[in-house]
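Here the working numbering is used: the first residue of the sequence shown is 1, the next is one more, and so on.
Where a beta carbon is used, it is the ideal one built from N, C-alpha and C, also for glycine.
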Amino acid sequence: MIDILEDDTNEEDDTNKGKQVSKSQTHQERDCRAPKLVAAEVEERYGVEREALCQLGCNLPKKATSRSSKAGLQFPVGRILRFLKAGKYAERVGAGAPVYLAAEVLELAGNAARDNKKTRIVPRHIQLAVRNDEELSKLLGDVTIANGGVMPNIHNLLLPNKKAGSSKPTDED
Numbered sequence: 001m002i003d004i005l006e007d008d009t010n011e012e013d014d015t016n017k018g019k020q021v022s023k024s025q026t027h028q029e030r031d032c033r034a035p036k037l038v039a040a041e042v043e044e045r046y047g048v049e050r051e052a053l054c055q056l057g058c059n060l061p062k063k064a065t066s067r068s069s070k071a072g073l074q075f076p077v078g079r080i081l082r083f084l085k086a087g088k089y090a091e092r093v094g095a096g097a098p099v100y101l102a103a104e105v106l107e108l109a110g111n112a113a114r115d116n117k118k119t120r121i122v123p124r125h126i127q128l129a130v131r132n133d134e135e136l137s138k139l140l141g142d143v144t145i146a147n148g149g150v151m152p153n154i155h156n157l158l159l160p161n162k163k164a165g166s167s168k169p170t171d172e173d
């Protein structure tokens, strides 16, 4: 462990009076005063980087992490939550709903991309995935996916007639 406060005896709190600070004590046992310091002062004073202090348990402000990265997804969870709220799908939207929806769409779109022998998911794959799934198609029925194209559909009348191979030809002699 990094010993941050080894020579800092001039600025003792009322809580630290009478306590002996030793190198064997952990960072939290020493009643850490580092959260009261600004990150720049900590780096200048102790020569310890901000990340090292955060690993030791200090409450310095950390860098914001997106919900997508927390869930391990490449799809924008925050944007899906915003669209769910704006779309009036329900009065209230739970915290796990956009994560689940993003994961489901990502999995189905990945399967559609693999079926087309592609390694990159494009909007066409998302469109195919959503429209082929019954529940997602119902949920996102009024949603237009940009550059998604249309579902392949050929009317039955336009298809060539199937010839009956099992029926015997008729003789009209």
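How would you write the range of the alpha helix (DSSP H) that Tyr241 sits in, first residue to last? Missing from the structure shown is residue 241; the chain here goes from 1 to 173 and no further.
Is it true that the CB of Ala102 sits closer than 7 Å to the CB of Phe75? Within the sequence shown, numbered from 1, the residue matching residue 75 stands at position 75. Within the sequence shown, numbered from 1, the residue matching residue 102 stands at position 102. Taking 7 Å as the cut-off, the Cβ atoms of Phe75 and Ala102 count as close.
With a floor of 4 residues, list each alpha helix (DSSP H) that falls wholly inside the region 118-147, ordered by position along the chain. Note on the region 118-147: whole alpha helix (DSSP H) runs with a minimum of 4 residues are 123-132 and 134-139, in chain order.
Taking only three categories from DSSP, how would you classify Leu159? Counting from 1 along the sequence shown, the entry for residue 159 is found at position 159. In this structure, Leu159 counts as coil in the three-state DSSP scheme.
For my contact list, Pro123 and Ala146 are in at a C-beta cut-off of 8 Å; report their separation, rounded to the angstrom. For this step, residue 123 is matched to residue 123 along the sequence shown. For this step, residue 146 is matched to residue 146 along the sequence shown. With a Cβ gap of about 6 Å, Pro123 and Ala146 count as contacting.
Does any C-beta atom of chain D lie closer than 7 Å to the C-beta of Lys162? Looking at the structure shown, chain D is missing, and only one protein chain is on hand.
I'd like to check one pair, Leu140 with Val130: are the Cβ atoms closer than 7 Å? Position 130 of the sequence shown, counted from the start, is the residue given in the question as residue 130. Position 140 of the sequence shown, counted from the start, is the residue given in the question as residue 140. In this structure, Val130 places its C-beta atom within 7 Å of the C-beta atom of Leu140.
Could you check which residue in Ser66, Ser68 and Ile126 has the C-alpha nearest to that of Leu108? Reading the sequence shown from its first residue, position 108 is the one you call residue 108. Nearest C-alpha to Leu108 among Ser66, Ser68 and Ile126: Ile126.
Report the three-state DSSP secondary structure of Glu44 (helix, strand or coil). Here residue 44 refers to the residue found at position 44 of the sequence shown. Residue state, collapsed to three classes: helix.
With a 10 Å radius around its C-beta and 16 neighbouring C-beta atoms as the bar for buried, classify Pro98 as buried or exposed. Working through the sequence shown from its first residue, we reach residue 98 at position 98. Result: buried.
For Val77 versus Ser69, is the C-beta spacing smaller than 7 Å? In the sequence shown, residue 77 corresponds to position 77, counting from 1. In the sequence shown, residue 69 corresponds to position 69, counting from 1. No, these two residues do not count as a Cβ contact at 7 Å.
Short check: CB of Leu84 to CB of Val93, under 7 Å? By one-based count along the sequence shown, residue 84 stands at place 84. By one-based count along the sequence shown, residue 93 stands at place 93. Yes, these two residues count as a Cβ contact at 7 Å.
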